[in-house]
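Report on the following structure.
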Amino acid sequence: CGPTAAVNIVRMVENRAAAEGADGCCRSVNAHRMTPQELFLVCADIGRQTHSYWNGDFFGHFGGTSNFLMPWFLRRCLCEAGLENKVSVRFHPWITPDAVEKALKDGAIVYLEVYFHPKYKDHHMICYACKREDGKRRFLLSDGWSPVPVYVGEEELGHGHFMTIEPIDDLI
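Just so we're aligned, residue 55 is where the sequence shown starts under the working numbering, counting upward by one.
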């Protein structure tokens, strides 16, 4: 799930920069030359080289991407994509609906690391929007399993850690 999430981060950063008319500030140097599948293979290879990604599973909790090594893995993927020094990656200790909603309102892309989730078990995915319907918060996820984005309620957001990814120009 880590390589898929890393590819989604790279493409989202590029798409946001293009939509905002950014003057190449967050256009990746290398990734735009690759298909999503090629970029996935590059990220998976980085994961295998750094022992942070194993393409395996053991009782739904082992294999996949290391939660502990994820920040370094993501930074290596961003560097390989040519986004080094163009985005900020910040670690946040606990997933809470309030913290995730605040990060989204502040313009960040949110990388979720959920643990023991009823549906996803231990999984990494991207959250990139929050909306309120009938007084309830719903979060839009790119979970890497569904071909379309998935909305989940705040009670389904899960437990774990998260990272925020923002263009550096937005931080100044």
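Backbone N, C-alpha and C fix where the C-beta goes; we use that ideal spot for every residue, glycine too. Bear in mind that the values here come from a model prediction, so they are computed numbers and not experimental data.
Through-space distance from residue j to residue i, alpha-carbon basis
i	j	result
residue 194	residue 148	18 Å
residue 196	residue 103	25 Å
residue 191	residue 71	27 Å
residue 173	residue 133	32 Å
residue 207	residue 95	32 Å
Paired residues, beta bridge with residue i - DSSP
i	result
residue 161	Answer is none; residue 161 lacks a bridge partner.
residue 216	146 and 166
Nonlocal neighbours in the same chain, by C-beta distance under 8 Å from residue i, ignoring five residues either side
i	result
residue 154	164, 166, 181, 184, 193, 211 and 216
residue 146	153, 157, 215, 216, 217 and 218
Sub-9 Å separation of residue i and residue j beta-carbons
i	j	result
residue 73	residue 128	no
residue 229	residue 100	Nothing about residue 229 can be read from this structure; the chain reaches only from 55 to 226.
residue 64	residue 135	yes
Other residues of its chain near residue i: CB distance less than 7 Å, five sequence neighbours each side excluded
i	result
residue 115	Residue confidence for residue 115 is low, a pLDDT of 49 falling below 50, so the modelled location carries little weight and cannot support an answer.
residue 171	177 and 212
Spatially closest choice to residue i from the options, by CA coordinates
i	options	result
residue 200	179, 214, 209 and 213	179
residue 144	64, 135, 126 and 136	126
residue 93	66, 188 and 57	57
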